[in-house]
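Position 161, counted from 1, in the sequence shown is what the working numbering calls 526; the numbers after and before it change by one each time, with no gaps. Yeah, the Cβ is synthetic: ideal placement off N, Cα and C, and Gly gets one too. The structure presented is a predicted model; accordingly, all values stated were derived computationally and were not measured. See structure below.
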Amino acid sequence: MIISSATDFREAARRKLPPFLFHYLDGGAGAEQTLRSNVDDLQAVRLRQRVLRGSEQLELGVDYFGEQYALPIALAPIGLAGMYARRGEVQAVRAACGRSIPFIQSTVSVCSLAEVAAQASKPIWFQLYVLKDRAFMRDVMRRAWELGARTLVFTVDMPVPGNRYRDAHSGMSGENGPLRRVLQAMLHPRWAWDVGVHGRPHDLGNITAYRGHATGLTDYIGWLGANFDPDIAWQDLQWIRDEWKGRLILKGILDPIDARDALAFGADGIVVSNHGGRQLDGTLSSARVLPAIAAAVKGKLAIFADGGVRTGTDVFRMLALGADGVLLGRAYIYALATGGQAGVERLLAIMEKDLRTNMVLTGVKSVREIGPHLLAD
Numbered sequence: 366m367i368i369s370s371a372t373d374f375r376e377a378a379r380r381k382l383p384p385f386l387f388h389y390l391d392g393g394a395g396a397e398q399t400l401r402s403n404v405d406d407l408q409a410v411r412l413r414q415r416v417l418r419g420s421e422q423l424e425l426g427v428d429y430f431g432e433q434y435a436l437p438i439a440l441a442p443i444g445l446a447g448m449y450a451r452r453g454e455v456q457a458v459r460a461a462c463g464r465s466i467p468f469i470q471s472t473v474s475v476c477s478l479a480e481v482a483a484q485a486s487k488p489i490w491f492q493l494y495v496l497k498d499r500a501f502m503r504d505v506m507r508r509a510w511e512l513g514a515r516t517l518v519f520t521v522d523m524p525v526p527g528n529r530y531r532d533a534h535s536g537m538s539g540e541n542g543p544l545r546r547v548l549q550a551m552l553h554p555r556w557a558w559d560v561g562v563h564g565r566p567h568d569l570g571n572i573t574a575y576r577g578h579a580t581g582l583t584d585y586i587g588w589l590g591a592n593f594d595p596d597i598a599w600q601d602l603q604w605i606r607d608e609w610k611g612r613l614i615l616k617g618i619l620d621p622i623d624a625r626d627a628l629a630f631g632a633d634g635i636v637v638s639n640h641g642g643r644q645l646d647g648t649l650s651s652a653r654v655l656p657a658i659a660a661a662v663k664g665k666l667a668i669f670a671d672g673g674v675r676t677g678t679d680v681f682r683m684l685a686l687g688a689d690g691v692l693l694g695r696a697y698i699y700a701l702a703t704g705g706q707a708g709v710e711r712l713l714a715i716m717e718k719d720l721r722t723n724m725v726l727t728g729v730k731s732v733r734e735i736g737p738h739l740l741a742d
């Protein structure tokens with residue numbers, strides 16, 4: 366099919382992937398109201414067009430924690446990214462480094478930290494969950510540091526998994542899940558040959574490195590469910606702040622009070638996020654809460670945002686609402702599933718072109734100039 370915009374990758378991924386993988390990526394919690402709101406509310410943001418502003422020379426580069434990057438975009442941590450393309454995290458980090466943007470590796474990646482870091486020309490950022498197994502958390506933080514990671518993205522909005530009903534219907538979980546996944550793979554031969562056969566091993570590399578034996582897809586839901594910690598509170602995080610000597614970003618902030626608490630805690634940044642609509646269905650979209658959070662902590666720590674971002678125009682909107690940077694989640698995995706590293710590179714090129722067009726049409730010369738004054742409403 367023809368890929369002319371960032372949104373075309375979703376349909377291409379749907380055709381290529383077995384349903385259990387596509388719907389695991391594409392779905393949300395409950396009735397998926399928040400999932401839809403993320404997209405709808407962001408697309409409802411209206412911009413002020415300006416003319417005759419003399420903005421031919423554009424500056425898209427940004428500085429995050431003393432590091433220079435080419436775009437105000439990062440690739441978000443996505444669990445099981447390595448199942449969407451052959452050694453998917455490796456292909457994604459090559460694309461991110463090639464475009465000079467941050468790559469954030471998930472705790473539950475298929476490829477291990479060592480495998481991914483070996484392919485990165487810039488230090489990767491690493492994402493960690495709140496888990497009961499504190500020994501695992503210490504071990505993986507140590508390995509991340511030894512491999513050059515200096516930015517830890519700590520996910521705080523997942524003390525328990527959300528109710529993701531789509532997974533039971535798709536075969537990702539539920540009755541006869543393994544058999545259904547095998548049958549689906551057989552009906553999607555391109556994926557089966559590329560990833561199913563040549564993308565092995567299909568385990569969770571970081572967990573396998575800690576446990577000393579393979580932790581495969583069958584164990585994935587069970588291991589996570591047993592290790593999430595619903596009892597966690599702010600005071601329980603202090604040991605992480607004390608132990609991790611690099612930058613710390615808290616991911617999953619949706620309330621200005623929590624943003625202020627993150628600042629008081631000593632976080633260097635936050636991600637305004639509802640986990641892509643995959644946790645509490647019915648909560649507000651990232652676009653709705655971002656302005657109030659920016660009003661509370663803008664300039665005091667780095668503000669990143671995700672949720673519903675599908676185009677370069679959406680990136681521009683998030684920046685106008687108060688973000689310093691934008692994380693791509695589903696959008697980049699759709700592209701990864703479609704074309705691997707080249708697909709992600711093409712997506713980023715399309716988004717950069719969108720962003721440049723928006724900057725010219727709103728009369729700004731630098732992404733640092735994008736702000737609430739460009740909102741029409």
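Can you grab the Cα-Cα spacing for the pair Y530 / A394, in whole Å? 7 Å
Cα-Cα separation between A652 and N403, rounded to whole angstroms: 7 Å
Kindly provide the ranges of any beta strand (DSSP E) runs that are 3 or more residues long and lie completely inside the stretch 617-705, ordered along the chain. 634-637, 667-670, 690-693
I need the boundaries of the alpha helix (DSSP H) containing D428, first residue and last residue. Looking at the DSSP string, D428 is not in any alpha helix (DSSP H); the run it does join, the beta strand (DSSP E), is 427-429.
How close, in whole Å, do the beta carbons of G673 and D679 come, if the pair is a contact with beta carbons under 8 Å? 7 Å
With distances taken from CA atoms, which of G728, A741, L740, A624 is nearest L423? G728
Closest by C-alpha distance to A435, when choosing among A661, D742, V732: V732
Can you look up G581 in the DSSP assignment and give me helix, strand or coil? strand
Uninterrupted alpha helix (DSSP H) stretches inside the stretch 490-543 (no shorter than 4 residues): 499-511, 530-535
Which ranges does the alpha helix (DSSP H) cover as unbroken runs of at least 4 residues, wholly within the stretch 543-616, from first to last along the chain? 570-576, 582-592, 603-608
For S486, which option in R464, V495, D504, K665 has the closest C-alpha, if you only look at C-alpha atoms? R464
C-beta contact flag for P621 and A591 at 8 Å: no
Flag this pair as touching only if the stretch 606-617 and the stretch 629-649 have three or more C-beta atom pairs under 8 Å; answer yes or no. yes
Need the endpoints of the beta strand (DSSP E) that A439 sits in, please. 438-440
Measuring only the C-alpha atoms, how far is G392 from A557? 22 Å
Nearest-angstrom beta carbon gap, S477 and A574 [assumed within contact, 8 Å]: 5 Å
Just mark E421 as buried or exposed, buried being the case when its beta carbon has 16 or more other beta carbons within 10 Å. exposed
Could you give the DSSP three-state label for I469: helix, strand or coil? strand
Sorted by chain position, which residues of the same chain lie with C-beta nearer than 6 Å to D504's C-beta, five sequence neighbours on each side aside? Y575
A461 and F468 look like a contact to me (Cβ under 8 Å); what is the Cβ gap, rounded to whole Å? 4 Å
Compute the Euclidean distance between the alpha carbons of L552 and I715, then round it to the nearest angstrom. 31 Å
Pairs of beta-carbons, one from the stretch 434-450 and one from the stretch 690-706, closer than 8 Å: are there three or more? yes
Any idea if P543 is buried or exposed, counting beta-carbon neighbours within 10 angstroms, 16 or more meaning buried? exposed
At what residues does the beta strand (DSSP E) containing E432 begin and finish? 432-434
Based on DSSP bridge pairs, tell me the residues matched to L412. L740
For M459, which residues from the same chain have a beta carbon less than 7 Å from its beta carbon, with the 5 sequence-adjacent residues on both sides left out? First, the amino acid is wrong: residue 459 is Arg here, not Met. For R459, where only same-chain residues beyond five positions count, the Cβ hits under 7 Å are Q484, Q706.
Nonlocal neighbours in the same chain, by C-beta distance under 8 Å from A550, ignoring five residues either side: P383, W556, A557, G561
Residue range of the alpha helix (DSSP H) that C462 falls in? 453-463
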